[in-house]
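Below is one structure, written out as structure tokens, with a few remarks after it.
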Amino acid sequence: MTGPSSSAPLVEAVGLSVGWGDTILQEGATFQVERGSIFVILGGSGCGKSTLLRALVGLDEPLAGTVTIDGQPPATASPARPRFGVMFQSGALLGSLTVAENVALPLLEWTTLPLEAVGAIVAAKLRLVGLERAEDQLPGELSGGMRKRAALARAMALEPELLFLDEPSSGLDPVSAAELDVLLRDLNEQLGLTLVVVTHDLQSILEIGRSCIMLDRQSRSIIARGDPRALRDGCEDPRVQAFFHRAPRPVTA
Amino acid sequence: MTPAFSLEHVLTGDGRGEIRVSGTLELAEAAPLWSELRRLGAGAVRGQALDLEMSGVERIDGGAMALLACLRAELQRRGVRSEFVAADARLQRIVHLYGGDLRVARLRARRPIGTLDQLGRATLAVLREGQLVLAFLGQMVVSGAGLLRSPRSANWRDLPPTMERAGADAVPIVTLISFLVGLTSASQAAVQFRRYGADLYVADLIGISICRELGPLMTAIVVCGRSGAAFAAELGFMQVNEEVDALRTMGLGPMRFLVLPRTLALLVVVPLLTVLADVAGLAGGLVVGVLSLDLTARAYLSETAAAVSPWDAASGLAKSLVFALIIGLVACQQGLATTGGAEGVGRRTTSAVVVTLFALILSDATMTVLLRMAGL
Chain R
127 MTGPSSSAPL
137 VEAVGLSVGW
147 GDTILQEGAT
157 FQVERGSIFV
167 ILGGSGCGKS
177 TLLRALVGLD
187 EPLAGTVTID
197 GQPPATASPA
207 RPRFGVMFQS
217 GALLGSLTVA
227 ENVALPLLEW
237 TTLPLEAVGA
247 IVAAKLRLVG
257 LERAEDQLPG
267 ELSGGMRKRA
277 ALARAMALEP
287 ELLFLDEPSS
297 GLDPVSAAEL
307 DVLLRDLNEQ
317 LGLTLVVVTH
327 DLQSILEIGR
337 SCIMLDRQSR
347 SIIARGDPRA
357 LRDGCEDPRV
367 QAFFHRAPRP
377 VTA
Chain C
17 MTPAFSLEHV
27 LTGDGRGEIR
37 VSGTLELAEA
47 APLWSELRRL
57 GAGAVRGQAL
67 DLEMSGVERI
77 DGGAMALLAC
87 LRAELQRRGV
97 RSEFVAADAR
107 LQRIVHLYGG
117 DLRVARLRAR
127 RPIGTLDQLG
137 RATLAVLREG
147 QLVLAFLGQM
157 VVSGAGLLRS
167 PRSANWRDLP
177 PTMERAGADA
187 VPIVTLISFL
197 VGLTSASQAA
207 VQFRRYGADL
217 YVADLIGISI
227 CRELGPLMTA
237 IVVCGRSGAA
247 FAAELGFMQV
257 NEEVDALRTM
267 GLGPMRFLVL
277 PRTLALLVVV
287 PLLTVLADVA
297 GLAGGLVVGV
307 LSLDLTARAY
317 LSETAAAVSP
327 WDAASGLAKS
337 LVFALIIGLV
347 ACQQGLATTG
357 GAEGVGRRTT
367 SAVVVTLFAL
377 ILSDATMTVL
387 LRMAGL
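Below you can see the structure in the form of structure tokens.
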């Protein structure tokens with residue numbers, strides 16, 4: 127990715143409002159994602175985390191505000207090589223293709239590599255996510271966790287600098303979720319990938335998150351931002367405390 | 017354009033070889049990197065050593081590291097000793113991430129599946145599919161019997177909308193197709209019959225062939241394409257979406273709740289559509305008789321009435337009941353056998369239509385032969 131300046135934020139959202147029709151889920155969200163960071167978007171169910179993510183990656187038009195990735199809008203009018211990878215909550219693998227074919231798809235579309243080299247990269251990516259024995263399987267034959275890992279391998283196929291992940295650990299057992307957290311941290315620390323993770327998995331948030339924003343459904347706004355551990359230990363907002371300590375939502379007048 | 021990386025093959029003093037990797041290695045330049053790596057690795061033979069010397073690497077991404085790790089693994093499989101050397105701590109972690117420090121397992125050659133094996137497997141798959149359809153028929157009969165004992169246990173609420181979708185909504189297409197089939201058949205027959213001065217017998221041919229064969233068969237084919245495919249896709253999606261499992265856990269068996277209402281709906285509407293198809297087909301023949309053979313409508317209809325016995329119409333309706341059962345049975349069985357995601361639904365829907373069409377033609381031929389042998 128080549129941007130205006132390597133010190134400038136990689137992702138920048140200004141006054142972003144998202145929702146559908148007359149329903150506004152988040153209003154006027156402004157935040158920045160620094161290069162090489164793991165940025166977590168957290169909040170309770172229905173607060174608009176995934177909708178915000180869809181706006182960030184350019185799948186949905188925001189109701190208001192702007193998003194830039196490396197100084198440019200996320201969506202391009204014409205088909206172009208993707209500048210970032212996205213891992214969807216369900217995995218969203220193509221059901222008619224094997225796991226290896228799913229991962230190879232972006233490489234075949236956007237590089238001129240010979241098939242042998244594509245095969246080598248696909249095998250390495252699948253090994254990286256622990257799926258080296260599943261390359262010939264169809265997505266329908268995989269468990270939920272395997273589907274997510276295959277989707278992660280596909281999202282990384284083109285070596286993007288930036289990865290968006292929607293609920294990466296949802297539906298996974300604690301061990302698989304922890305392994306995925308370790309992998310994400312390795313990708314961030316060893317390869318310098320910037321990760322934007324949408325999740326409400328507390329363990330995961332504290333394990334991998336270095337900076338975060340917390341969305342609130344009722345106020346439709348960002349109610350806290352900073353290091354997740356610092357928020358857990360130091361933020362006095364009862365809504366933030368309720369979230370981090372798995373307590374019932376505070377009653378508001 | 018000069019690549020941002022360089023690879024150099026160097027022989028070190030102790031007879032070992034090295035590929036000195038330096039510069040920036042990224043996926044954007046993976047194609048020249050790959051061809052250069054292949055070239056440099058090609059000369060190494062069993063027993064030699066060819067390490068990947070990494071001290072000059074400024075930056076490397078995952079794609080490029082995957083190619084280097086692939087080369088090392090390939091060299092090791094050929095009996096060439098190869099390791100990543102002189103990598104700094106940061107690079108060492110990337111090497112580890114991509115398995116560049118793992119022991120390389122020997123590849124097991126896959127035995128290709130022979131033609132005879134493939135034929136055997138395909139035959140077994142067809143037989144197994146047939147077995148599953150028969151087992152499904154058995155379950156359906158048992159559930160049907162249960163329904164007779166306790167009619168309130170059925171999902172009657174689904175019956176009227178299903179009848180509307182499979183029956184009333186199919187009226188225009190069944191009418192049009194049957195009319196055109198009658199028209200086309202009569203036109204073809206008229207040319208031949210006219211040579212022998214047997215114009216009037218076109219009415220006999222059309223009447224009997226429509227009522228005994230074409231009416232029920234064309235109706236069944238249309239219903240298979242419309243409703244059979246829809247049932248298979250609907251139940252297939254419910255299956256992959258775990259809706260069927262949810263019904264089971266609530267004690268609502270899919271047979272009574274999903275399959276029987278659909279099959280019963282077909283058993284009611286397919287014979288009714290067949291009657292409509294018979295009328296439309298006869299009307300097609302009548303149009304040819306009047307416009308092309310100069311027969312009067314009265315003469316054509318009188319001849320049809322004389323030629324077509326009540327049994328002809330009844331046997332056609334009996335066939336339509338069998339056809340309805342086949343469509344409901346196969347479509348629902350295929351839908352509930354769906355596995356996988358959207359791909360699985362598509363595969364089973366196609367399979368439902370193909371298997372149903374085959375079963376329709378086969379059962380029609382069988383019934384025709386049996387009725388002929390019985391002199392009916």
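Residue numbers (this note's numbering), protein chains in the order written: chain R, 127 to 379; chain C, 17 to 392.
C-beta atoms are modelled at their ideal positions from N, C-alpha and C, and glycine is treated no differently.
Problem set entry | Among C/Met266, C/Ala85, C/Gly305, the one whose alpha carbon lies nearest that of C/Arg210 | By 1-based counting over the second sequence, the position of residue 210 of chain C is 194. Of the listed residues, the one whose Cα sits closest to C/Arg210 is C/Gly305.
For this session: Tell me whether the beta-carbon of C/Leu263 lies closer than 9 angstroms to the beta-carbon of C/Phe273.
Result: Counting from 1 along the second sequence, the entry for residue 263 of chain C is found at position 247. Counting from 1 along the second sequence, the entry for residue 273 of chain C is found at position 257. Yes, Cβ-Cβ distance for C/Leu263 and C/Phe273 is below 9 angstroms.
Exercise. Of all Cβ atoms in chain R, is any one closer than 9 angstroms to the Cβ of C/Ser51?
Worked result: Within the second sequence, the letter at position 35 stands for residue 51 of chain C. Yes - at least one Cβ of chain R is within 9 angstroms of the one on C/Ser51.
Problem set entry | Cutoff 9 angstroms: C/Ala47 Cβ touching any chain R Cβ | Mapped onto the second sequence, residue 47 of chain C falls at position 31. So yes, C/Ala47 belongs to the interface.
Problem set entry | Residues of the region 99–110 of chain C with Cβ closer than 8 angstroms to any Cβ of chain R, in chain order | Answer set for the region 99–110 of chain C: Arg106, Arg109, Ile110.
For this session: Can you give me, in chain order, the residues of the region 216–243 of chain R that have a beta carbon less than 7 angstroms from any beta carbon in chain C?
Result: Those residues of the region 216–243 of chain R that come within reach of chain C (Cβ to Cβ, closer than 7 angstroms) are Gly221, Ser222, Thr237, Thr238, Leu239, Pro240, Ala243.
Exercise. Would C/Glu319 pass as a contact of C/Ala248 if the rule is Cβ separation under 9 angstroms?
Worked result: Counting from 1 along the second sequence, the entry for residue 319 of chain C is found at position 303. Counting from 1 along the second sequence, the entry for residue 248 of chain C is found at position 232. Against a cut-off of 9 angstroms, the Cβ pair of C/Ala248 and C/Glu319 comes out as no contact.
Exercise. Hey, R/Cys361 and R/Leu168: beta-carbon distance below 9 angstroms or not?
Worked result: Within the first sequence, residue 361 of chain R is the residue found at index 235, counting from 1. Within the first sequence, residue 168 of chain R is the residue found at index 42, counting from 1. Against a cut-off of 9 angstroms, the Cβ pair of R/Leu168 and R/Cys361 comes out as no contact.
For this session: Leaving out five residues on either side along the sequence, give the residues of the same chain with a beta carbon under 8 angstroms from the beta carbon of C/Leu337.
Result: As a first step, residue 337 of chain C is located in the second sequence; it is residue number 321 there, counting from the start. The beta carbon of C/Leu337 sits closer than 8 angstroms to those of Leu283, Val286, Pro287, all from its chain and outside the five residues before and after it, given in chain order.
Exercise. Which residues, in order along the region 300–314 of chain R, keep a beta-carbon less than 7 angstroms from a beta-carbon of chain C?
Worked result: Those would be Asp312, in chain order.
Problem set entry | Listed by chain order, chain R residues near C/Thr355 by CB distance under 7 angstroms | As a position in the second sequence, residue 355 of chain C is number 339, starting the count at 1. Neighbours of C/Thr355 on chain R, chain order: Gly266.
Exercise. Are the C-beta atoms of R/Ile334 and some chain C residue less than 9 angstroms apart?
Worked result: Against the first sequence, residue 334 of chain R aligns to sequence position 208. So no, R/Ile334 is outside the interface.
Exercise. Which of the three DSSP states, helix, strand or coil, is assigned to R/His371?
Worked result: Here residue 371 of chain R is taken as the residue at index 245 of the first sequence, counted from 1. DSSP places R/His371 in coil when its eight states are reduced to three.
Exercise. What residue from R/Met282, R/Val166, R/Val140 has the CA that sits closest to R/Leu341's CA?
Worked result: Walking along the first sequence from the start, residue 341 of chain R turns up at place 215. It is R/Val166.
Exercise. What does R/Gln316 touch in chain C if you count any residue whose Cβ is under 8 angstroms from its own?
Worked result: Counted from its first residue, the first sequence places residue 316 of chain R at position 190. Proximity of chain C to R/Gln316 at the Cβ level (cut-off 8 angstroms) is accounted for by Arg106, Arg109, Ile110, Leu113, in chain order.
For this session: May I have the straight-line CA-CA distance separating R/Glu305 from C/Arg75, to the nearest angstrom?
Result: In the first sequence, counting from the first residue as 1, residue 305 of chain R sits at position 179. In the second sequence, counting from the first residue as 1, residue 75 of chain C sits at position 59. Roughly 26 angstroms separates the two Cα atoms.
Problem set entry | Euclidean distance between Cα positions of R/Gly335 and R/Glu293 | Taking the first sequence and counting its residues from 1, one reaches residue 335 of chain R at position 209. Taking the first sequence and counting its residues from 1, one reaches residue 293 of chain R at position 167. When only Cα atoms are considered, R/Gly335 and R/Glu293 end up about 13 angstroms apart.
Exercise. Can you tell me the Cα-Cα spacing of C/Leu311 and C/Met271, whole angstroms?
Worked result: Residue mapping note: residue 311 of chain C aligns to position 295 of the second sequence, counting from 1. Residue mapping note: residue 271 of chain C aligns to position 255 of the second sequence, counting from 1. Rounded to whole angstroms, C/Leu311 to C/Met271 spans 53 angstroms at the Cα level.
Problem set entry | Among R/Asn314, R/Ala373, R/Thr194, the one whose alpha carbon lies nearest that of C/Arg109 | For this step, residue 109 of chain C is matched to residue 93 along the second sequence. Taking only the C-alpha atoms, the option nearest C/Arg109 is R/Asn314.
For this session: Return helix, strand or coil for C/Gly63, following the three-state DSSP convention.
Result: The residue given as residue 63 of chain C occupies position 47 in the second sequence. In the structure shown, the three-state DSSP call for C/Gly63 is coil.
For this session: Given a cut-off of 9 angstroms, decide if C/Gly198 and C/Gly297 are closer than it, judged by their beta-carbon atoms.
Result: Residue mapping note: residue 297 of chain C aligns to position 281 of the second sequence, counting from 1. Residue mapping note: residue 198 of chain C aligns to position 182 of the second sequence, counting from 1. Yes; because the gap between Cβ atoms is below 9 angstroms, this pair is in contact.
Exercise. Do C/Leu307 and C/Val149 have their C-beta atoms closer together than 9 angstroms?
Worked result: As a working note, residue 307 of chain C is residue 291 in the second sequence. As a working note, residue 149 of chain C is residue 133 in the second sequence. Contact: no.
Exercise. Going by Cα to Cα distance, which pick from C/Leu352, C/Asp328, C/Ile226, C/Val239 is closest to C/Asp261?
Worked result: As a first step, residue 261 of chain C must be located in the second sequence, where it is residue number 245. Comparing Cα positions, the closest option is C/Leu352.
Problem set entry | Selection of the region 268–294 of chain R by Cβ proximity to chain C, strictly under 7 angstroms | Within the region 268–294 of chain R, the qualifying residues are Met282, Leu284, Glu285.
Problem set entry | Residues that C/Ala358 contacts on chain R, provided the C-beta gap is smaller than 7 angstroms | Along the second sequence, read from residue 1 onward, the residue named residue 358 of chain C stands at position 342. Per Cβ cutoff of 7 angstroms: Gly221.
Problem set entry | Cβ-Cβ distance between R/Leu178 and R/Gln152 below 9 angstroms | Taking the first residue of the first sequence as position 1, residue 178 of chain R is located at position 52. Taking the first residue of the first sequence as position 1, residue 152 of chain R is located at position 26. Against a cut-off of 9 angstroms, the Cβ pair of R/Gln152 and R/Leu178 comes out as a contact.
For this session: Would you kindly work out how many angstroms separate the C-alpha atoms of R/Asp262 and C/Leu83, rounded to a whole number?
Result: In the first sequence, residue 262 of chain R corresponds to position 136, counting from 1. In the second sequence, residue 83 of chain C corresponds to position 67, counting from 1. C-alpha separation (whole angstroms): 20 angstroms.
Exercise. Near R/Gly221, what residues of its chain come up, given a Cβ to Cβ distance below 8 angstroms and the 5 sequence neighbours on each side ignored?
Worked result: One-based indexing of the first sequence puts residue 221 of chain R at position 95. By the criterion of a C-beta distance shorter than 8 angstroms, R/Gly221 is surrounded in its chain by Leu264, Pro265, Gly266, once the five residues flanking it on both sides are discounted.
Exercise. When the distance is taken between beta carbons, is C/Leu27 closer than 9 angstroms to C/Val37?
Worked result: Here residue 37 of chain C is taken as the residue at index 21 of the second sequence, counted from 1. Here residue 27 of chain C is taken as the residue at index 11 of the second sequence, counted from 1. Not closer than 9 angstroms, so no.
Problem set entry | Spatial distance of C/Ile224 from C/Gly241 (CA atoms) | For this step, residue 224 of chain C is matched to residue 208 along the second sequence. For this step, residue 241 of chain C is matched to residue 225 along the second sequence. In a straight line, the C-alpha of C/Ile224 is about 25 angstroms away from that of C/Gly241.
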